[in-house]
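For reference, the structure discussed in these notes is given below.
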Amino acid sequence: MNSSDALFAGDSFTELDRSFARFIAELSGSDDPELILGALLVSALTRRGDICVDIAAVAGAHLTEVLPEGGDAQDERILPGKGEWLSALQKSDVVGMPGEYKPLILDAGRLYLFRYWEYERNLAENILMRVRTGPEKLDAVLLREGLDRLFPVAGNDIDWQRVAAIVAILRRFSVISGGPGTGKTTTVIKILALLLEQARARGHQLAIALAAPTGKAAARLTNVIREAREVLDTDEDIRESIPSESFTIHRLLGSVPGLSTFRYNAEHQLPYDVVVVDESSMADLALMSKLFQAIPRRATVILLGDKDQLASVEAGAVLGDICDTGVEHGFSKEMQSAIGTSAVNCDEFTAAEIEETADGTTERALMADSVVILRTSYRFGSESGIGQVSSVIRSGDAGGTVGLLSGGGFDDITLIPYEPEALPERLMQSVVQGFTPYLTAESREEALSSFSRFAILCAIRRGPAGVEKLNYLVERILLRQGLVTPERRWYRGRPILVVRNCYQLRLFNGDIGLILHDEYDGADAAFFPSTGGALRRIHPLKLPEHETAFALTVHKSQGAEFDRVLLVLPDWPAPVLTRELLYTAITRARKSVEIWGSEEIVRFAVSNPTVRRSGLRDILWTP
């Protein structure tokens, strides 16, 4: 075995990684170890969610430290030093600098696959172009009247929803982030009304698009928008101009079956003046980059989402990078002045309350002026355990999290240790109590509504505490209760989770339906909720790829809410157990959460933040 063969040995890399690295080596005509290791890592890390290999961050490290999940624990290789590694990459014919067309790109010490470098650069340039561009001329008197009507001033406390509205009106790009129940969607509906009022005063009409990464999130956005616009304090023509339907991002862009391209792109752009994207933390870099390229330069873009939630399943942590998660930013003098004169009475809105950004008119200030974090939860009050625990998790305080959970002082959140072998017996009461209402419902509508009130969430797919095992156990319990007959593939009451988009049927990854009896033809069919409260009937044989959904991974639960959540954690420190996963799981609940797991596992999760390497944050936030 020669030295280059040794680089491919072991189980740290997949066959896909090795094939790509061999291709790069053959293309370059070199068996240089620094190049081969760079190719292996850029393939492996991109599949794991990173956008690039940060050479400075991994140089000189043990390979097992860089690939903790799925790597070979016995692989004792140490990666090259920073200087020699960068020097070798810079000399290679297959590694290009920014602006060059090469398979690999080396930019600011980061090694990218070309297409991911291009996605990142295009997205960053598009965002910066928008934050540097002001809106069309505003009617200040009309704006102030609209703000006072839709966001009436009450007391001296800062109304961050009102601040978010001002920022969104003054910027062509803005982000409204915040935890559950902080009113992100309510705020954006009022913003749309303000934008429509301004356009009407100019004699214009606005074309508005509402979108979300998944069908489930898009349907929820549609229902919330429809309900909220009916009571919006504005004229009837303004209410009617707010869209009554939202789309998945794929559907908005015009997905082409079998291709990664879209009908709308940089050359053929979307016909909209305002684009709102909900649950934007779920959108990966590639999708977000393609979306922004398809949005006209003149258009206003508003992103909604919780920056502290799980990042997308695919590569990137776009919303977190855009918000510079983990760093507190204030507003520039110019934005502070604009907020102070239009938000509340000037005397009551001082610089001490809205912190000023120190670096004036730099890119950092431009981005800071585009991001607003909503701080007040209208769902969880000051006495809420869910609210307090999720806040402490978000801050990374592992000891504080365990202390709150183990103290037993809350009615709405508890931590319950369990033994894996006792899981089937322990599940009995929760399963019967949680699922009997939907299985005994008198109508399909009631069944779907009841099913959405309770969820079993898991961190992992396989193992004693994984989704696959939990779904099996739930079926056995319900079978013993005479509530389901799982010997049939599409048994009555089976919950269905769609795992692959099907545009012909308008079913999307993450959609959940139920197999129920159809009295019209006497057959069983899959029923899915749709906008407006109606149900959609799909013959089981037509269903796209799907799986049973008594239990869901936390990733699959994003964009959904439940009255009660049972979170089952594994009894070992799986790398997927992160701060963001625990926070996301807990905040899916409206009323109560049971966490089954040990204090040690909770402590591990809170101390294990998700780290996804990219250059997007530096491009957006570095002066």
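In the numbering used here, the protein residues as written are 4 to 626. Yeah, the Cβ is synthetic: ideal placement off N, Cα and C, and Gly gets one too. Values in this document were obtained by computation on a predicted structure and should not be read as measured data.
According to DSSP, residues forming a beta bridge with residue i
i	result
SER177	ILE305
GLU460	This sequence places Leu at residue 460; Glu is not what is there. Bridge partners of LEU460: LEU555, LEU570.
HIS549	VAL501
ALA297	DSSP, once it has assigned bridges, lists no residue as partnering ALA297.
GLU597	THR417, LEU569
GLY99	ILE108
SER258	PHE265
PHE632	In the structure as shown, the chain begins at 4 and stops at 626. Residue 632 is therefore absent and cannot be evaluated.
ARG540	PHE530
ASP57	ARG113
ILE81	HIS65
LEU510	CYS505
Spatial distance of residue i from residue j (CA atoms)
i	j	result
GLU148	THR237	11 Å
PRO193	PHE530	According to the sequence shown, residue 193 is Lys rather than Pro. Roughly 33 Å between the two C-alpha positions.
ILE298	GLU428	53 Å
GLU317	ARG539	29 Å
LEU627	ARG491	Outside the displayed range of the chain (4 to 626) lies residue 627, so it cannot be described from this structure.
TYR519	ALA588	Note that residue 519 is Leu in the sequence shown here, rather than Tyr. Roughly 28 Å separates the two Cα atoms.
GLY485	ILE515	23 Å
VAL395	ALA462	20 Å
PHE295	ASN504	21 Å
LEU572	VAL278	38 Å
ARG21	PHE11	6 Å
SER284	ALA314	6 Å
THR67	GLU422	30 Å
SER90	ALA286	35 Å
ALA346	LEU153	Unreliable positioning characterises ALA346 in this predicted model, as indicated by a pLDDT of 45, which lies under 50. The coordinate reading is nonetheless provided below. Their backbone Cα atoms lie some 12 Å apart in a straight line.
LEU460	LEU146	44 Å
VAL166	ARG616	31 Å
GLY84	SER15	20 Å
Chain B contact for residue i (CB, 9 Å cutoff)
i	result
LEU173	Here chain B cannot be found, since the structure has a single protein chain.
Residue span of the beta strand (DSSP E) that contains residue i, given as start and end
i	result
GLY516	515-521
PRO532	526-532
ALA221	Note, ALA221: premise wrong, no beta strand (DSSP E); alpha helix (DSSP H) at 218-232.
VAL279	277-280
TYR115	113-116
LEU377	374-377
Buried or exposed by the 16-neighbour rule on C-beta atoms within 10 Å, applied to residue i
i	result
ASP309	buried
MET291	buried
HIS271	exposed
THR225	buried
ASP527	buried
ALA59	exposed
ALA168	buried
HIS549	buried
VAL465	The question names Val, but residue 465 in the sequence shown is Arg. Exposed, since its Cβ has fewer than 16 Cβ neighbours within 10 Å.
LEU19	exposed
ARG567	buried
ALA42	buried
GLN208	exposed
LEU481	buried
TYR586	buried
Where the alpha helix (DSSP H) through residue i begins and ends
i	result
ARG21	18-31
VAL316	Where VAL316 is concerned, there is no enclosing alpha helix (DSSP H), given that its DSSP letter is neither H nor E.
VAL45	36-50
ILE480	470-483
ARG616	It is not in any alpha helix (DSSP H) - ARG616 carries neither H nor E in the DSSP assignment.
PHE334	First-last for PHE334: undefined, no H or E at that position.
PHE154	First-last for PHE154: undefined, no H or E at that position.
LEU431	Checking the sequence, you will find Met at residue 431 rather than Leu. MET431 -> alpha helix (DSSP H) spans 426-442.
ALA196	187-204
Does the stretch 178-186 touch the stretch 127-143, meaning 3 or more C-beta pairs lie closer than 8 Å?
Between the stretch 127-143 and the stretch 178-186 there are fewer than three C-beta pairs closer than 8 Å, too few to call the two in contact.
Assess contact between the stretch 106-118 and the stretch 38-52, defined as three or more Cβ pairs (one per stretch) separated by less than 8 Å. Is contact present?
yes
So, does the stretch 92-101 touch the stretch 33-42, judging by three or more C-beta pairs under 8 Å?
yes
Between the stretch 198-206 and the stretch 366-385, do at least 3 Cβ pairs fall closer than 8 Å?
no
Between the stretch 445-456 and the stretch 573-587, do at least 3 Cβ pairs fall closer than 8 Å?
In short, these stretches do not touch, since the Cβ pair count stays below three.
Is there contact between the stretch 208-216 and the stretch 250-259, where contact requires at least three CB pairs shorter than 8 Å?
yes
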